[in-house]
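If you count the sequence shown from 1, position 228 lands on 233 in this note's numbering, and the numbers rise without skipping. Cβ coordinates follow ideal geometry from the N, Cα and C atoms, glycine included. Given the structure is predicted, the values throughout are model-derived calculations rather than measurements. Quick notes on the structure that follows.
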Amino acid sequence: MKILVATDKPFAAVAVEGIRKEIESCGGELVLLEKYGEKAKLLEAVKEVEGIIVRSDIIDAEVFDAAKNLKIVVRAGAGYDNIDLAAATAHNVCVMNTPGQNSNAVAELVFGMTVMLVRNFFNGTSGSELKGKKLGIHAFGQVGRNVARIAQGFGMKVYAFDPYCPSKVISEAGVNPIEDVNEMYKTCQFVSLHIPATEETKKSINYALLNQMPKGAVLINTARKEVINEEELVKLMEDRPDFKYISDIAPANAALFAEKFPGRYFFTPKKMGAQTAEANINAGIAAARQSVGFLTKGIDKFRVNK
């Protein structure tokens with residue numbers, strides 16, 4: 006049983022050792038490919054392995070074609086749009102993610118960016134507080150629930166919209182469920198996005214939706230940049246000087262923000278949601294356990310393809 010860890014952006018060393026322990030304790034062999042840069046190196050490395058663990062690395066049809074013995078790919082993290090699910094299914098390969106392992110890290114980043122913004126980037130001028138403000142959570146999955154928990158600690162009034170999550174589950178978390186997405190945007194000064202990038206959601210966060218937000222609105226995006234209609238967001242910010250946007254995914258038109266909206270936006274230099282030591286370790290070890298569990302016992306609890 007050979008399992009490849011292919012990470013152009015590597016796991017922390019302690020995470021790699023945890024992954025190694027999980028694999029070798031079950032008689033498996035860890036193959037490590039880090040900072041590979043060229044796709045040709047990845048294509049060579051996958052030839053004989055039965056499992057692949059990745060982070061944001063692209064696993065497409067060409068990779069599946071090259072990996073003749075491959076049975077499973079695990080994305081160490083929640084999002085898996087870097088993996089071609091249709092190609093995986095066509096090659097009879099199981100694809101999994103590791104939901105929940107990065108959730109607290111992402112949620113803490115939401116508030117790290119938000120506090121920085123409402124305090125005017127700590128530039129010495131008077132800002133505002135989060136206590137008593139209304140926060141809308143768009144999708145109440147693992148990250149959304151952690152965002153709610155932290156928001157409650159700030160004393161915020163928390164609302165959530167998620168058509169796939171029962172209202173009872175949202176209510177039991179001490180959060181106000183909202184059944185209409187427009188109503189949530191009308192109600193909340195702050196909205197935090199946690200929706201995946203699907204055909205249904207891409208560019209769904211648009212002018213018409215955002216323009217319903219109250220004065221002093223702040224949109225927080227730690228999901229995917231594809232869910233934002235970037236051209237319409239620029240128009241909205243031109244029309245509404247009160248609107249602010251913070252994200253850990255810089256938009257394609259980031260230069261326009263620098264030119265037109267100084268002091269009203271913030272983008273991390275790269276996607277930072279899962280960039281903590283704890284999340285790095287948790288997601289990597291979970292990916293190893295799931296790989297071993299599938300290869301030895303056929304366990305596919307977190308499978309995301311059919």
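Where do the N-terminal and C-terminal ends of the beta strand (DSSP E) with residue i fall, by residue?
{"i": "L224", "result": "V223 to N226"}
{"i": "N102", "result": "C99 to N102"}
{"i": "S197", "result": "F195 to L198"}
{"i": "K7", "result": "K7 to T12"}
{"i": "A18", "result": "Here A18 belongs to no beta strand (DSSP E); instead the alpha helix (DSSP H) covers A18 to E29."}
{"i": "Y164", "result": "K162 to F166"}
{"i": "V152", "result": "Note, V152: premise wrong, no beta strand (DSSP E); alpha helix (DSSP H) at Q147 to F159."}
{"i": "I175", "result": "Where I175 is concerned, there is no enclosing beta strand (DSSP E), although the alpha helix (DSSP H) it sits in stretches over S172 to E177."}
{"i": "V59", "result": "G56 to V59"}
{"i": "V180", "result": "Note, V180: premise wrong, no beta strand (DSSP E); not H, not E."}
{"i": "V78", "result": "I77 to R80"}
So, using beta-carbon positions, are residue i and residue j closer together than 8 Å?
{"i": "I57", "j": "I28", "result": "no"}
{"i": "V180", "j": "V196", "result": "no"}
{"i": "G42", "j": "D13", "result": "yes"}
{"i": "A202", "j": "E231", "result": "yes"}
{"i": "S108", "j": "V148", "result": "yes"}
{"i": "K249", "j": "Y270", "result": "yes"}
{"i": "R308", "j": "V100", "result": "yes"}
{"i": "G221", "j": "Q194", "result": "yes"}
{"i": "V111", "j": "A279", "result": "yes"}
{"i": "S296", "j": "V19", "result": "no"}
{"i": "K76", "j": "E55", "result": "yes"}
{"i": "I304", "j": "G23", "result": "no"}
{"i": "N216", "j": "L198", "result": "no"}
{"i": "K5", "j": "T94", "result": "No information on residue 5 is available, as it lies outside the stretch 6 to 311 that the chain covers here."}
{"i": "N187", "j": "F16", "result": "no"}
{"i": "I254", "j": "R294", "result": "no"}
{"i": "A66", "j": "A92", "result": "yes"}
{"i": "I155", "j": "E204", "result": "no"}
{"i": "V223", "j": "L90", "result": "no"}
{"i": "P21", "j": "L38", "result": "Note on identity: in this sequence residue 21 is Val, with Pro being the wrong assignment. Against a cut-off of 8 Å, the Cβ pair of L38 and V21 comes out as no contact."}
{"i": "G132", "j": "N125", "result": "yes"}
Starting from the Cα of residue i, find the closest Cα among the options and give me that residue.
{"i": "V68", "options": "K40, V98 and F16", "result": "V98"}
{"i": "G82", "options": "G268, G303, K276 and T301", "result": "K276"}
{"i": "D62", "options": "V10, G105, V54 and I254", "result": "V10"}
{"i": "E134", "options": "I142, V120, I304 and V19", "result": "V120"}
{"i": "D70", "options": "E53, Y85 and D86", "result": "E53"}
{"i": "I251", "options": "E237, A257 and T273", "result": "T273"}
{"i": "V174", "options": "M242, N226, N125 and R150", "result": "R150"}
{"i": "A213", "options": "E204, K46, L300 and N234", "result": "N234"}
{"i": "P246", "options": "F266, V36 and A257", "result": "F266"}
{"i": "N74", "options": "M6, Y85 and T192", "result": "M6"}
Considering residue i, what are the terminal residues of the alpha helix (DSSP H) in which it resides?
{"i": "Y212", "result": "Y212 to L215"}
{"i": "K40", "result": "Here K40 belongs to no alpha helix (DSSP H), and DSSP marks it neither H nor E."}
{"i": "V232", "result": "Neither: V232 is in no alpha helix (DSSP H) and is coded neither H nor E."}
{"i": "M189", "result": "V186 to T192"}
{"i": "E67", "result": "A66 to A71"}
{"i": "A93", "result": "L90 to A95"}
In whole angstroms, what separates the C-alpha of residue i from that of residue j?
{"i": "I183", "j": "N211", "result": "19 Å"}
{"i": "T130", "j": "G268", "result": "12 Å"}
{"i": "H96", "j": "A72", "result": "9 Å"}
{"i": "F145", "j": "M242", "result": "27 Å"}
{"i": "A153", "j": "K302", "result": "36 Å"}
{"i": "I200", "j": "T206", "result": "7 Å"}
{"i": "K138", "j": "Y190", "result": "13 Å"}
Pick out the complete alpha helix (DSSP H) segments inside the region 241-305, 4 residues or longer, and give them in chain order. 259-265 and 282-302
At what residue ranges does the region 109-138 contain a whole run of the alpha helix (DSSP H), taking only runs of 4 or more? none
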